Amino acid sequence: MCLVALISACSNGEKKEQTVSANRWYMNSIIYNVEVRVFKDSDGDGIGDFNGLTQKIPYLKSLGVDAVWLAPFQPTSYRDDGYDVMDYYGIDTKTGTKEDFDSFIKAAHKAGIKVVMDVVLNHTSNSHPWYQKARLDSTSKYFNWYVWSKAKPKNFDEGMAFPGVQNETWTYDEVAKRYYFHRFYDFQPDLNFENKEVQAEGKKILTYWLNQGLDGFRLDAVPFIIDKPAEGDDAEPMYNILSDLNATVKKLNPDAILLGEANVAPDKNKVFFGENGSRLQLMFNFYANQYLFYSLADEHVSTFKEALQKTHEKPTESQWAYFMRNHDEIDLGRLSSKERNKVYEKFGPEKSMQLYDRGIRRRLAPMINDAKKLELCYSLLFSLPGTPVIRYGEEIGMGDDLTLQERLSVRTPMQWSSGANSGFTSGNKPYRPLINMGEYRYQAVNVDLQSKNSQSLLSKIKQLIAARKAHPEIGLGAWNVLDTGADEVLAIEYTYEGRKSIVVHNFSKRRLEKVEISMKNASSSVIENVINPTEKLNLSNGRLTLALNGYEYKWYSLKEQ
């Protein structure tokens, strides 16, 4: 594999290529997703905590991480891995104290690492005091903080977040004598954001955590926050809520961000981002991700190229967040049934690997099951036109535990060493079972082993992150998908403030003897692979010709002759 830590020379000095303000830290950062309870236990009780996370800041720094995204750590009923919030202003005592949290924030900032937290504004736990007061008294102000219906709605089973697991989105409460609305599980009633008091509370929550030192938020289930369930799916979403939340954040900290979980169609992208990022500064590109997995399964790039083009346009101050695997299932809901079955066949052929009638609940390494192709996937992640987001454990190729319920299969404890309980805890009972059998058992896949091997996945990930940081044009610049003449090959050209680079990926396992890449705008350039200086490629009639081994990727710089 060719991996390049490049510095592109000036080619034409055209300032017009600058597309964003360089001081927007989120445009070109590496974001690392952490679940505190399964990352590192410091006191031997089997549960990861903030002190353990603080101990691992040097590790995060060695990876090249710029920002940590924390999964929910507030008090919870432990029925949905923290997304069933019982107190928006508290910290689950099992993860530590407020002082422990403060120490982590201080240590992360000292190391130059920003901290973004998950905030779940769409719903609460049904154990939350707000809901308990609401169901007991219809005259309480909290009653109108939720969505109720005296009669069973006609659309009681529409709009489910978890089809195949859920049966309805309206459930009868015997105490309230009414049906309540829930996009997610029946123990997670939706908050009513048409209520001005709820909107004010949402802003109050963000304000509180910004005052605790947070650098931004990952907004969970954004489209559901702003919809109007009583009016049905055809109602115009309340986009003004996103504008108000963003204004609240920016007023207190102009550099803080909102990262949106919004799996929306391309024609809705701009309205969710808002004018110049006036609503969301970052948004996960779920649309492209689904077609990426189809292209990885099919080993042809045309559908992924089309998805990239459909999501090309965005406000200049907003950025796409790209990922390979996250904490949920791989959502394939936008694929046709034929395309989805192709992905299932390749990456999740057993029913136990599939989830919610639309996705796959596996980690990336066992899904791909090929070291070269896995490395190709991460080269893609760090060279796509946006901000890379990587989940804990992916950098060492952790496996999954399909005996665990639903999405918990990809939420097992971090594997630090070959020692007892993988170095995650000194206690006898980890919070969640460790992977201790098979190819991906912690004794064989862990940070300690891979840190000592220059050819390990961990070492490759560090090199890829370093290469990405040497190429600010990838996150900041103009980009263009180039014609390669081969549907197995994806080539993207980046240009920013006179810097030019090209990243090429062969999605196929077969060697391609002759790939011709059209580069009409670089007819006077020399193409240089810096990691292999003997490979200097010249253009002929505006075309670059090269050979690619199976699953090979190359990063090039363009230098003017």
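Residue numbers (UniProt numbering): 1 to 561. Ideal Cβ placement from N, Cα and C applies to all residues, glycine included. Fair warning: this is a prediction, and the values are worked out from it, not measured in the lab.
In the DSSP assignment, M117 falls within the unbroken beta strand (DSSP E) covering 114–119. About 4 Å separates the beta carbon of D87 from that of P75, a gap short enough to meet the 8 Å contact definition. Contact between the segment 462–475 and the segment 417–433 is absent, with fewer than three C-beta pairs closer than 8 Å.
Distance check between K56 and each of L408, G90, E158, I113 places I113 closest, using alpha-carbon atoms only. C-alpha of F304 to C-alpha of P385: approximately 13 Å in a straight line. V249 and Y78 have their C-alpha atoms some 29 Å from each other. In this chain, the alpha helix (DSSP H) harbouring P129 covers 129–136. Contact holds between the segment 31–51 and the segment 405–423, because three or more Cβ pairs, one in each stretch, are under 8 Å apart. Here K150 has R178 as same chain residues with Cβ atoms under 6 Å from its own Cβ, once five neighbours each way along the sequence are excluded. With contacts defined by Cβ atoms closer than 8 Å, I226 and V119 do not form a contacting pair.
The straight-line gap separating the alpha-carbon atoms of I360 and K559 is approximately 43 Å. Its chain contains Q166, T169 as the residues whose beta carbon lies nearer than 6 Å to that of M160, once the 5 sequence neighbours on both sides are disregarded; these appear in chain order. Between E194 and V222, the CB-CB gap reaches or exceeds 8 Å.
Contact between I105 and V116 fails: their C-beta atoms lie close to 11 Å from each other, not under 8 Å. Per DSSP, the beta-bridge partners of Y322 are P388. The Cβ atoms of G216 and A256 sit closer than 8 Å to each other.
Counting along the chain, T545 sits inside the beta strand (DSSP E) bounded by residues 543–548.
In the structure shown, Q212 falls within a coil segment according to DSSP collapsed to helix, strand and coil.
In the DSSP assignment, T76 is bridged to V85.
Taking a cut-off of 8 Å on C-beta distances, the segment 264–275 does not touch the segment 292–302, as fewer than three cross pairs fall below it. By the neighbour-count criterion, in which a residue is buried when 16 or more other Cβ atoms sit within 10 angstroms of its Cβ, A547 is exposed. In the structure shown, the three-state DSSP call for D45 is coil. Between the segment 385–404 and the segment 441–456 there are three or more C-beta pairs closer than 8 Å, enough to call the two in contact. Where M519 is concerned, there is no enclosing beta strand (DSSP E), because DSSP gives it neither an H nor an E. Around the C-beta of K98, fewer than 16 other C-beta atoms lie within 10 Å, and the residue is accordingly described as exposed. Segment contact: the segment 273–288 against the segment 313–326, three or more CB-CB distances shorter than 8 Å; contact assigned.
The alpha helix (DSSP H) runs lying completely inside the segment 254–337 and spanning 4 residues or more are 269–273, 286–298, 302–310, given in chain order. According to DSSP, residue pairing for H505 in a beta bridge involves L490, Y553.
With respect to V389, Y322 sits close: the two C-beta atoms are nearer than 8 Å. Between the alpha carbons of I241 and V68 lies a distance of about 26 Å. In this chain, T124 is not harboured by any beta strand (DSSP E), its DSSP state being neither H nor E.
The beta-carbon distance between T387 and S29, rounded to whole angstroms, is 6 Å. This is short enough to meet the 8 Å contact definition. At a Cβ-Cβ threshold of 8 Å, L376 and H471 do not count as neighbours. Q166 is bridged by DSSP to P163. Per DSSP, I30 lies in no alpha helix (DSSP H) and is assigned neither H nor E. For D227, the three-state secondary structure derived from DSSP is coil.
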